[in-house]
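Asks:
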Amino acid sequence: MVKLLRSDILSTEVLDWKGVHLFHFYSSSCSQKTRIFLTEKGVDWEPHPINLMTHENFTDWYLGVNPRGLVPALVHDGDVHIESNDIMRYVDEAFDGPRLFPEDEASLAYVLQSMKAEDDLHLCVRSLTFRYVAPNELLRKDPDALDVYEKAGSGQVAGVADTHKAVEVNFWRKMAVDGIPIEQALAAVKAFEPHFIELNERLAKHEWLMPDGFTALDIAWWISVFRLKFLGYPMERFPQLDAWYHTLAERPHFMAEVAMPPERVEGASQHQANMAAAGESLPQIMAANGF
Ligand SMILES: N[C@@H](CCC(=O)N[C@@H](CS)C(=O)NCC(=O)O)C(=O)O
């Protein structure tokens, strides 16, 4: 689990914060996942919104909290935890409430490896999001903000020089030049394929992804499924997965945490209609490529 060391943190005032604080952004998938988890667990938290659209995460101050410049980050009684899956695991152990990670070793091992697979797909989710949610020129990161991002913060996670930020910087710099090419979108779709096949097979056998009941794994994958559906992904290709998605969507806080302002929903559907008119919507390129 990624708990930062005090030497990783340059914005040291957070070390004095008591209680549970969450740095998050309303439409960030990893933030949505963490917020749903906190509600399922029954943990109250103080919100600290970080606006990714205005590059609030690329400031000296926020990089002084999370050297990776990503949301979410959780502060609990002065300790800073990053990485949404690790935050969920930490909260599950630190607080009372329903257990959302399995206790038996084999099930826990499965959940952790499946969550890692879901986390490893994050740049795929991001590629699809940035191709299908709005025109690319509206989403590109400002080069000056990226310069700050590259230099600010301790550069250390858990006391070790961190290589993760360089991957992020490369993603944004490449996107500023190339946008998200169709090949990148198709590679992302392909990367999801074996996982969706496996999840669909599991859900044909039991109601939740784990045989013994609802876990954090359901929350983690639900967020990706929600996002891909929002972008136009034809989830009916995986009927059990789609049915499970709808069952969880009936829990009010699931939909509440992924809700977007009407103008953003309208903007995304207009953008997708424009892509469709050019024959380049997500379902169209998938169909044309044998998905
Ligand atoms: N593996 C990380 C990924 C976190 C991540 O990439 N968060 C995104 C939002 S979902 C972010 O902060 N992006 C920065 C940006 O868009 O500038 C986690 O699970 O917490």
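Just so we're aligned, residue 44 is where the sequence shown starts under the working numbering, counting upward by one. Even glycine gets a Cβ: it sits at the ideal position worked out from N, Cα and C.
Less than 8 Å between the C-beta atoms of SER339 and MET318, yes or no?
Replies: The chain is shown only over 44 to 334; residue 339 falls outside these bounds and no answer can be derived.
Asks: Does DSSP classify PHE257 as helix, strand or coil?
Replies: Your numbering for residue 257 matches position 214 in the sequence shown. Of the three classes helix, strand and coil, the one that applies to PHE257 here is coil, per DSSP.
Asks: Ligand 1 heavy atoms versus the CB of GLU236: any closer than 7 Å?
Replies: Here residue 236 refers to the residue found at position 193 of the sequence shown. GLU236: no, Cβ never under 7 Å from ligand 1.
Asks: Could you pull the start and end residues of the alpha helix (DSSP H) that ILE52 belongs to?
Replies: For the purposes of this step, residue 52 is taken as the residue at position 9 of the sequence shown. Unbroken run through ILE52: none, as it is neither H nor E.
Asks: Spell out a yes or no on whether the segment 238-248 and the segment 275-292 are touching, meaning 3 or more CB-CB pairs, one atom from each, closer than 8 Å.
Replies: Judged by Cβ distances under 8 Å, the segment 238-248 makes contact with the segment 275-292, as three or more pairs qualify.
Asks: Should GLU126 be listed as close to ligand 1, given that the test is whether its C-beta is under 7 Å from any heavy atom?
Replies: Mapped onto the sequence shown, residue 126 falls at position 83. Checking every heavy atom of ligand 1 against the Cβ of GLU126, one is found closer than 7 Å.
Asks: Rounded to the nearest angstrom, what separates PRO92 and PRO141 at their Cα positions?
Replies: Here the question's residue 92 lines up with position 49 in the sequence shown. Here the question's residue 141 lines up with position 98 in the sequence shown. Using only the alpha carbons, I get a separation of about 27 Å.
Asks: Let me check one thing: in DSSP terms, what residues is HIS119 bridge-paired to?
Replies: Walking along the sequence shown from the start, residue 119 turns up at place 76. For HIS119, which the question treats as bridged, DSSP gives the partners VAL63 and ASP122.
Asks: Across which residues does DSSP place GLU89 in a beta bridge pair?
Replies: Here the question's residue 89 lines up with position 46 in the sequence shown. BP columns for GLU89 point to HIS64.
Asks: At the level of alpha carbons, what is the spacing between ASN100 and SER74?
Replies: Residue mapping note: residue 100 aligns to position 57 of the sequence shown, counting from 1. Residue mapping note: residue 74 aligns to position 31 of the sequence shown, counting from 1. If I take the Cα positions, the gap works out to 13 Å.
Asks: LEU166 to SER150, Cα distance in whole Å?
Replies: Along the sequence shown, read from residue 1 onward, the residue named residue 166 stands at position 123. Along the sequence shown, read from residue 1 onward, the residue named residue 150 stands at position 107. Those two C-alpha atoms are separated by around 26 Å.
Asks: In or out: GLN156 buried (at least 16 other Cβ within 10 Å) or exposed?
Replies: As a first step, residue 156 must be located in the sequence shown, where it is residue number 113. With fewer than 16 other Cβ atoms within 10 Å, it is exposed.
Asks: Since ASN109 and ASP162 should fall inside the 8 Å C-beta cutoff, what is the C-beta to C-beta distance between them, to a whole number of angstroms?
Replies: Translated into positions along the sequence shown, residue 109 becomes position 66. Translated into positions along the sequence shown, residue 162 becomes position 119. 16 Å between Cβ atoms; not a contact.
Asks: Hey, could you find the ends of the alpha helix (DSSP H) PRO224 is sitting in?
Replies: As a working note, residue 224 is residue 181 in the sequence shown. Premise fails: PRO224 is in no alpha helix (DSSP H) and is neither H nor E.
Asks: Would you say ASN332 touches ligand 1, meaning its beta carbon is less than 7 Å from a heavy atom?
Replies: Reading the sequence shown from its first residue, position 289 is the one you call residue 332. No - ligand 1 has no heavy atom lying nearer than 7 Å to the Cβ of ASN332.
Asks: Comparing the CB of LEU274 with every heavy atom of ligand 3, is any distance shorter than 7 Å?
Replies: As for ligand 3, it is missing from this structure, which binds only ligand 1.
Asks: With a threshold of 7 Å, establish whether the CB of SER74 neighbours any heavy atom of ligand 1.
Replies: Position 31 of the sequence shown, counted from the first residue, corresponds to residue 74. Flag set: Cβ of SER74 near ligand 1.
Asks: CA-CA distance, PRO277 and PRO326?
Replies: Taking the first residue of the sequence shown as position 1, residue 277 is located at position 234. Taking the first residue of the sequence shown as position 1, residue 326 is located at position 283. C-alpha separation (whole angstroms): 6 Å.
Asks: Ligand 1 and SER267: does any heavy atom of the ligand fall closer than 7 Å to the residue's C-beta?
Replies: Within the sequence shown, residue 267 is the residue found at index 224, counting from 1. Not under cutoff, so the answer is no.
Asks: Need the endpoints of the alpha helix (DSSP H) that LYS76 sits in, please.
Replies: Here residue 76 is taken as the residue at index 33 of the sequence shown, counted from 1. 72-84 is the span of the alpha helix (DSSP H), which, as asked, contains LYS76.
Asks: Taking the C-alpha atoms as reference points, what is the distance between LEU320 and HIS314?
Replies: Your numbering for residue 320 matches position 277 in the sequence shown. Your numbering for residue 314 matches position 271 in the sequence shown. Sequence inspection shows Ala at residue 320; the Leu mentioned does not correspond to that position. In a straight line, the C-alpha of ALA320 is about 10 Å away from that of HIS314.
Asks: DSSP state of VAL200, grouped into three classes?
Replies: As a position in the sequence shown, residue 200 is number 157, starting the count at 1. Looking at VAL200 - three-state DSSP - the assignment turns out to be strand.
Asks: Hey, quick one: how far does the alpha helix (DSSP H) through HIS289 stretch, first residue to last?
Replies: Working through the sequence shown from its first residue, we reach residue 289 at position 246. Residues 282-292.
Asks: For ligand 1, I want to know if ASP162 counts as a neighbour, meaning its beta carbon is within less than 7 Å of at least one of the ligand's heavy atoms.
Replies: Mapped onto the sequence shown, residue 162 falls at position 119. Checking every heavy atom of ligand 1 against the Cβ of ASP162, one is found closer than 7 Å.
Asks: In the DSSP assignment, find the alpha helix (DSSP H) that holds ALA302 and state where it starts and stops.
Replies: Taking the first residue of the sequence shown as position 1, residue 302 is located at position 259. No alpha helix (DSSP H) contains ALA302, which DSSP labels as neither H nor E.
Asks: State the CB to CB distance for the pair LEU48 and ALA204, rounded to an integer number of angstroms; the pair is presumed to be in contact (CB under 8 Å).
Replies: Numbered from its first residue, the sequence shown carries residue 48 at position 5. Numbered from its first residue, the sequence shown carries residue 204 at position 161. About 13 Å separates the two Cβ atoms, so there is no contact after all.
Asks: For the candidate residues VAL168, ILE125, TYR133 and VAL308, whose alpha-carbon lies nearest to that of ALA230?
Replies: Mapped onto the sequence shown, residue 230 falls at position 187. Nearest of VAL168, ILE125, TYR133 and VAL308 to ALA230, Cα basis: VAL168.
Asks: Any idea if PRO254 is buried or exposed, counting beta-carbon neighbours within 10 angstroms, 16 or more meaning buried?
Replies: Position 211 of the sequence shown, counted from the first residue, corresponds to residue 254. With fewer than 16 other Cβ atoms within 10 Å, it is exposed.
Asks: Measure from the alpha carbon of ASP87 to the alpha carbon of each residue in TYR288, ASP139 and GLY333, then state which is nearest.
Replies: As a first step, residue 87 must be located in the sequence shown, where it is residue number 44. Nearest option by C-alpha distance: ASP139.
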